[in-house]
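Take a look at the structure set out below.
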Amino acid sequence: MNDAFPVSGLRGRLTANAPLGARAWFRTGGPADWLFVPEDVEDLADLLRNRPTDLPLTVLGACSNVIIRDGGIEGVVVRLARGFSDIQVEADGIIAGAAALDVTVAEHSAAAGLAGLEFLVGIPGSIGGAVRMNAGAYGSDIKAVLDWAEILTADGELRRLSCEELGFDYRHSELPDGAIVIRARLRGTPDNPEAIRERLAEIRASREASQPVRARTGGSTFRNPEGHKAWALVDEAGCRGMMLGGAQVSEKHCNFLLNIGEATSEQLETLGETVRQKVLEQSGIDLHWEIRRIGRRTTGEKTI
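The sequence shown begins at 1 in full-length UniProt numbering and counts up one residue at a time.
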């Protein structure tokens, strides 16, 4: 890592060798070479416009569906916080900043009497990540409710993309390479606020009953293959409760990995790969990770 950050004049908070593990829901992972918390959109655009092409850049949101590897993350990590979390209620929708938590957007929608965004209360994460991966749960997803998303391109240009332009598919979007979601508009339908709050409560209760929501976890580990449920495939392969060091496949919902003690990111990722292999041997189905694994496995190794 260079002694001096290669971009000058930034107004946000810039920290060298910044610990990241405490931010991740798994509570594991090494530091960022540099952590940048931009002051506002223009501050972030300045970074993108002036960043050397050989400086890797990673964006982290709520860190819910990510394994940060033990060697940390090369280059600069951008974390959107203040200036990116505003929520604006309109007559038929909500404009939410990328750093706004999904659950907070769902609560604002309920208070405003706007239905259709209840599913967000069941998704641990922020709006930027939800747009990037077309997050969904409880019968809906971002594709079903998004009007547009504003992004900064890799060279710092502000653009607005429609739902169609984002090319959503299951847990996937066609965001341009290097683009960062800034904010998004989500449609809502007028409804009785109390009825909406009741549906939020039902989703919360269902999630509490079926998922290890109070554990150190990263949400759903694997995508559901077409025609199958990932948890059922993991269960059929005999992996429920499987452990590696402080990492465990949840006994409550076996598409969740848990840090039950002092797990390392390496243990979590290795356990996940072991589960994938056992499912492949059992069913012939190759599970694909839904959780992002980012960074270096050990200090000094290139980011992969």
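Every residue gets a Cβ at the ideal spot worked out from N, C-alpha and C, and that includes glycine.
These numbers come from a predicted model, not from an experiment.
- Relative to the Cα of residue 83, the nearest Cα in the group 107, 173, 42 and 102 belongs to 42.
- Contact between residue 186 and residue 121 does not hold, since their C-beta atoms are separated by about 13 Å, which reaches or exceeds 8 Å.
- Around the beta carbon of residue 11, fewer than 16 other beta carbons lie within 10 angstroms, which makes this residue exposed.
- By the neighbour-count criterion, in which 16 or more other beta carbons inside 10 Å mark a residue as buried, residue 102 falls on the buried side.
- Contact annotation: residue 291 and residue 227 have beta-carbon atoms that are not nearer than 7 Å.
- In the three-state reduction of the DSSP assignment, residue 154 falls in the coil class, being assigned neither a helical nor a strand state.
- Looking at 109, 272 and 52, the one whose alpha-carbon comes closest to that of residue 188 is 109.
- Counting along the chain, residue 217 sits inside no alpha helix (DSSP H); it lies in the beta strand (DSSP E) bounded by residues 217–220.
- A Cβ-Cβ separation of about 6 Å places residue 135 in contact with residue 125 under the 8 Å criterion.
- When DSSP reads this structure, residue 97 sits in a beta bridge with 183.
- For the set 252, 171, 195 and 298, the Cα lying nearest the Cα of residue 266 is the one of 298.
- The criterion of a C-beta distance shorter than 7 Å is satisfied by residue 137 and residue 123.
- By the 16-neighbour rule on beta-carbons within 10 angstroms, residue 158 is exposed.
- The beta carbon of residue 15 sits closer than 6 Å to those of 35, all from its chain and outside the five residues before and after it, given in chain order.
- For residue 95 against residue 32, the beta-carbon gap comes to about 29 Å, at or over 8 Å, which does not count as contact.
- For residue 105, same chain residues with a beta-carbon under 8 Å away, outside a window of 5 residues either side, are 87, 94, 96, 117, 120, 127 and 186 in chain order.
- Annotation for residue 210: 252 and 253 place their beta carbon closer than 8 Å to its own, counting only its chain and skipping 5 residues before and after.
- When C-beta atoms of the stretch 200–207 are compared with those of the stretch 240–249, fewer than three pairs fall below 8 Å, so the two segments do not count as touching.
- For residue 281, the number of other beta carbons within 10 angstroms of its own is below 16, and it is reported as exposed.
- The Cβ atoms of residue 98 and residue 80 sit closer than 7 Å to each other.
- Residue 25 sits in coil when the DSSP states are folded into three classes, being neither helix nor strand.
- In this structure, the CA atom of residue 131 is about 28 Å from the CA atom of residue 275.
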